[in-house]
Amino acid sequence: MDGLWASMCFRGLSHTHVQFFFTTFRPPLNIDTNSVKLWVLKTFLRLPVRRKRRRVFQIHRHSLLRLCKHSTLMAESEPVSDATPVGEKRTCLLHGDEETPAKKPKVDGENGNAPNPDGGGGGGGEEEEEQPEGPASDGEEDGESFADMMKHGLTETDVGILKYVSDHEGFSGILKERYSDFVVHEINKQGKMVHLDDLSIPADSEEGAEPEQQPNECDVLTEEQRQQLGELQLFKNKEGNVSIEVKDDTKEKRTLVHKAIKTQFPGLETKTEEKEGHKFIVAYHAAGKKALAEVKTAAAPRKHFWPKNRGSYCHFALYKENKDTMDAINVLSKFLRLRPNMFSYMGTKDKRAITVQEIAVLKITAERLAHLNKCLMNLKLGNFCYKNHPLKLGELQGNHFTVVIRNISGTDEQVHQAMGSLKQTGFINYYGMQRFGTTAVPTQQVGRAILRNDWNQVVDLILKPRPGAEKEYLVRCREEWAKTQDPEAALKKLPNKRCVEGQLLRGLSMYGKKNIVTAFGLIPRNNRLMYVHSYQSVVWNAMASRRIEAFGLKAVEGDLVLRGTTAHVLSAEEAESHSIHDIVMPLPGYDVIYPSHHIGEGYRELLSADGLDLDNMRHKVKDYSLAGAYRRIIVRPTDVSWEVIHYDDPRISLVHSDFEKLENKPAPVFNQDGKYRALRMEFSLPPSTYATMAIREVLKLDTSIKKQTQLNTVWFN
């Protein structure tokens, strides 16, 4: 049992969680070691590693107990099904560009994540808070509860995703069974794919180093001091410190010690203190709350020397696994003691994936960044160079995807037809389900209320109680608001005041319920605009579906094409010389034109039904005035390739990542007689497109969380 205990702790569980598991689901004492291991493998290791434990235990308690009772038969049994995943499985049968169902909608265009404005508790990529563990309730009731919670979510038809462009037969498969099944490489503005393939320091960095002599660790720090500092760097309690007495009390000596610590142990900071007539250099962890409080009150550090002939920005490739872009930047900023806004990037990337993208940071040396590789988890930095400019959102040319869909049911011929259609024709450029949130109150409903200037409804939609999956403290907050309409009382129910609900309640507390516009303004601007952009997106989806249904895959008179940045209405003669890939559709706004055929009038009908005037899209609040934009109806991926692979071990990675190549690890070997089949596809997409919509076209499966939860529940049972 000790080995199992250690293994479970290693997988990210606290001792409290492991104790709860063993006391609740303890296998029979007479079961042999091999059977226990297989029992744990079949039950516990399929559960999510980074999910709220109490809820997971409750949902799966019945199945675990049933397996526990029959555990003596486990050693002789075969896996439950060929489709049964092992390891990181906790996604639905198809789950595209986002990591967790009910947290964050996708940022448009970058295949990345943004704070979820539809209320999910967290606005800044925070870990879910652990709740006190308690005894599980009845397993059968909880076994049904997860599907029940998700039945209030949206389906594709709710947001206008209705049509396909191909006529091949669809087939099933599991996307993102492991996060390594979804690999994204950014395509920079020069059209080059960003890879992590070089960890060396550029020569420019050495030439531009500070003129003083670099510290020699053998002369400055003793072996004992280095060991203490190393333990402090990796120690979970970051409030400790290490004091080093400086006997040779000279400024030069102290400077060498300071620089040696900061260079060799990224994440540690130093300060000089005097005790009883002796001077000490105290090293502490920059991520510690107490340490940070002391740093804020201390004098600002001296600026480092920066050569004039070196670019002010260090650009590097950020390789990350199973981590959100903003989470990664927050980690880097803590270790480097910088504000997160010192970093710039061209787009955010998926969390549940392996991604490589370009990042720029102001006046931080490549050497200092490279030292972080010694202590970062699931992050790697490389391909350093110095440039004179930062990066800007949207500058990228696109993203290259390597996607593995496991346990596919389609024949080789079906796969060939589906991928051939994707390569030749493409897919409808719908806004994916991530755009609209996953709770019972979709983001577009809030956006519609904002555009209608109905601020009481905006508050009601965000704060009212709602069915479906919610964190307990959010449920209590909503109940308090519904009962008292007191923002301060409701705010007290929230441990995290930075979520959308908390920011709105704080605004209502400060400015009163008669000044909702100002109170709503306390929510970060990007979050507020996500609501109105979500409404634009659902209108576009609906109109694109109507356009495909009416005219199919050919350009017709009255369609729109772009000439530069200006839209032009095609005549019947001009339509003959254009293809469907040239056609664009507008997002509603005051600075766009609409198709001259009946689809253009459909915009007016749809907005009119929602209480909006197509000719008056300017809002009293300037932020919510929609100018509109144009979006291609059909997108055809480039660099499309695919293969059907066979394998025996569902736990192995099927993609050779950049980091594995750097470590000279062998590429995965496929067994042509393996019992599992997977489709490995690669393709490149421009910005403002969703990879899930391309995969939807291949599989012809509903990508909504609601539908996939139903499929997953049937599969699990």
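Under numbering that gives the first Met the number 0, the residues of the sequence shown are numbered 0 to 716, in order.
Every residue gets a Cβ at the ideal spot worked out from N, C-alpha and C, and that includes glycine.
For clarity, every value in this text was computed on a predicted model and none was experimentally measured.
Three-state secondary structure assigned by DSSP to HIS257: Your numbering for residue 257 matches position 258 in the sequence shown. In the structure shown, HIS257 sits in a helix (DSSP, three-state: H, G or I).
8 angstroms Cβ cutoff met for ILE579 and ALA554: Residue numbering aside, residue 579 sits at position 580 when the sequence shown is read from its first letter. Residue numbering aside, residue 554 sits at position 555 when the sequence shown is read from its first letter. Yes, they are a contact pair.
Residue nearest to ALA628 in terms of C-alpha spacing, selected from PHE682, VAL183, ALA566: Counting from one through the sequence shown, the residue named residue 628 turns up at place 629. Here the closest residue by C-alpha is ALA566.
Length-filtered (3 minimum) beta strand (DSSP E) runs lying within the region 564–619: 565–568, 582–586
Opening and closing residue of the beta strand (DSSP E) in which HIS645 lies: Looking up residue 645 in the sequence shown gives position 646. 637–646 is the extent of the beta strand (DSSP E) around HIS645.
Cα-Cα separation between ASP485 and SER508, rounded to whole angstroms: As a working note, residue 485 is residue 486 in the sequence shown. As a working note, residue 508 is residue 509 in the sequence shown. Distance between the alpha carbons of ASP485 and SER508: 8 angstroms.
Beta-carbon spacing of GLY431, TYR602 below 8 angstroms: Here residue 431 refers to the residue found at position 432 of the sequence shown. Here residue 602 refers to the residue found at position 603 of the sequence shown. Result no, Cβ atoms of GLY431 and TYR602 do not sit closer than 8 angstroms.
Contact the region 394–409 vs the region 512–528: 3+ CB pairs below 8 angstroms: no
Own chain, CB closer than 8 angstroms to PRO265, minus 5 neighbours either side, in chain order: Start at 1 with the first residue of the sequence shown, and residue 265 comes out as number 266. Short of 8 angstroms from the beta carbon of PRO265, and not among the five residues preceding or following it, lie these beta carbons of its own chain, in chain order: GLN232, PHE334, LEU335, ARG367, HIS370, LEU371, LYS373, CYS374.
Secondary structure of SER343, DSSP reduced to three states: Counted from its first residue, the sequence shown places residue 343 at position 344. Three-state result, SER343: strand.
Which listed residue (TRP305, ILE200, VAL634) has its alpha carbon closest to that of LEU552: Numbered from its first residue, the sequence shown carries residue 552 at position 553. If we check each option's Cα against that of LEU552, VAL634 comes out closest.
Residues that ARG545 bridges to, as DSSP identifies them: Along the sequence shown, read from residue 1 onward, the residue named residue 545 stands at position 546. In the DSSP output, where bridge partners are listed per residue, ARG545 has none listed.
ILE353 burial status per 10 Å Cβ neighbour count (16 or more: buried): On the sequence shown, position 354 is the one that residue 353 refers to. By the neighbour-count rule (16 or more Cβ atoms within 10 Å), ILE353 is buried.
Alpha helix (DSSP H) segment containing ARG465, residue limits: In the sequence shown, the residue the question calls residue 465 occupies position 466. Per DSSP, ARG465 is not a residue of any alpha helix (DSSP H), being assigned neither H nor E.
Cβ neighbour criterion (16 or more within 10 Å) applied to ASN525: In the sequence shown, residue 525 corresponds to position 526, counting from 1. So ASN525 counts as exposed.
Under 8 angstroms between C-beta atoms of GLY381 and PHE304: Locating residue 381 in the sequence shown gives position 382, where the first residue counts as 1. Locating residue 304 in the sequence shown gives position 305, where the first residue counts as 1. No, they are not a contact pair.
Span of the beta strand (DSSP E), counted from its first residue to its last, around LEU678: Looking up residue 678 in the sequence shown gives position 679. Run containing LEU678: 675–684, per the beta strand (DSSP E) assignment.
DSSP-derived helix/strand/coil call for THR262: Stepping through the sequence shown from its first residue, residue 262 is reached at position 263. In this structure, THR262 counts as helix in the three-state DSSP scheme.
Check whether ILE598 and ILE632 have beta carbons under 8 angstroms apart: To locate residue 598, count along the sequence shown from 1; it is residue 599. To locate residue 632, count along the sequence shown from 1; it is residue 633. No, Cβ-Cβ distance for ILE598 and ILE632 is not below 8 angstroms.
Neighbourhood of HIS645 by C-beta distance below 7 angstroms, restricted to the same chain and skipping five residues each side: As a working mapping, residue 645 is identified with position 646 in the sequence shown. The answer, listed in chain order, is PHE669, ASN670, GLN671, ASP672, GLY673, TYR675, ARG676.
Cβ-based burial, ILE186 [other Cβ within 10 Å; buried from 16]: Here residue 186 refers to the residue found at position 187 of the sequence shown. Counting Cβ neighbours within 10 Å, ILE186 comes out buried, since at least 16 surround it.
Sequence-distant residues of the same chain with beta carbon closer than 6 angstroms to GLN227, five excluded per side: Here residue 227 refers to the residue found at position 228 of the sequence shown. Its chain contains VAL241 as the residues whose beta carbon lies nearer than 6 angstroms to that of GLN227, once the 5 sequence neighbours on both sides are disregarded; these appear in chain order.
One or two residues paired with ARG351 in a DSSP bridge: Start at 1 with the first residue of the sequence shown, and residue 351 comes out as number 352. DSSP, once it has assigned bridges, lists no residue as partnering ARG351.
Sheet register partners of ILE522 (DSSP bridge): Position 523 of the sequence shown holds residue 522. Partner(s): none; ILE522 has no beta bridge.
Bounding residues of the alpha helix (DSSP H) (the contiguous stretch that carries TYR472): As a position in the sequence shown, residue 472 is number 473, starting the count at 1. Taken as a continuous stretch (DSSP letters only), the alpha helix (DSSP H) holding TYR472 covers 471–483.
For ILE328, three-class secondary structure by DSSP: For the purposes of this step, residue 328 is identified with residue 329 of the sequence shown, where counting begins at 1. Helix at ILE328.
Cutoff 7 angstroms; reference ASN329; Cβ partners in own chain excluding five residues on either side: Here residue 329 refers to the residue found at position 330 of the sequence shown. Contacts found: PRO339.
Segment contact flag, the region 556–570 with the region 600–614, C-beta cutoff 8 angstroms, min 3 pairs: no
Sub-8 angstroms separation of LEU698 and VAL403 beta-carbons: As a working note, residue 698 is residue 699 in the sequence shown. As a working note, residue 403 is residue 404 in the sequence shown. Taking 8 angstroms as the Cβ cut-off, LEU698 and VAL403 do not qualify as a contacting pair.
Where the alpha helix (DSSP H) through TYR510 begins and ends: As a position in the sequence shown, residue 510 is number 511, starting the count at 1. Segment 499–510, the alpha helix (DSSP H) holding TYR510.
Helix, strand or coil at ILE515 according to DSSP, with G and I counted as helix: Translated into positions along the sequence shown, residue 515 becomes position 516. It is helical.
Whether THR269 touches LYS278 by CB criterion (8 angstroms): Residue numbering aside, residue 269 sits at position 270 when the sequence shown is read from its first letter. Residue numbering aside, residue 278 sits at position 279 when the sequence shown is read from its first letter. For THR269 and LYS278, no; Cβs fall outside 8 angstroms.
Helix, strand or coil at ALA693 according to DSSP, with G and I counted as helix: As a working note, residue 693 is residue 694 in the sequence shown. Here ALA693 sits in helix by DSSP.
Status (buried if at least 16 other CB within 10 Å, exposed otherwise) for LYS348: Working through the sequence shown from its first residue, we reach residue 348 at position 349. Per the 10 Å Cβ criterion, buried.
Touching by the beta-carbon criterion (3+ pairs, under 8 angstroms), the region 538–547 and the region 476–495: Because the criterion of three Cβ pairs below 8 angstroms is not met, the region 538–547 and the region 476–495 do not touch.
Minimum C-alpha distance to LEU361 - residue among CYS313, THR156, PHE682: Within the sequence shown, residue 361 is the residue found at index 362, counting from 1. Nearest option by C-alpha distance: CYS313.
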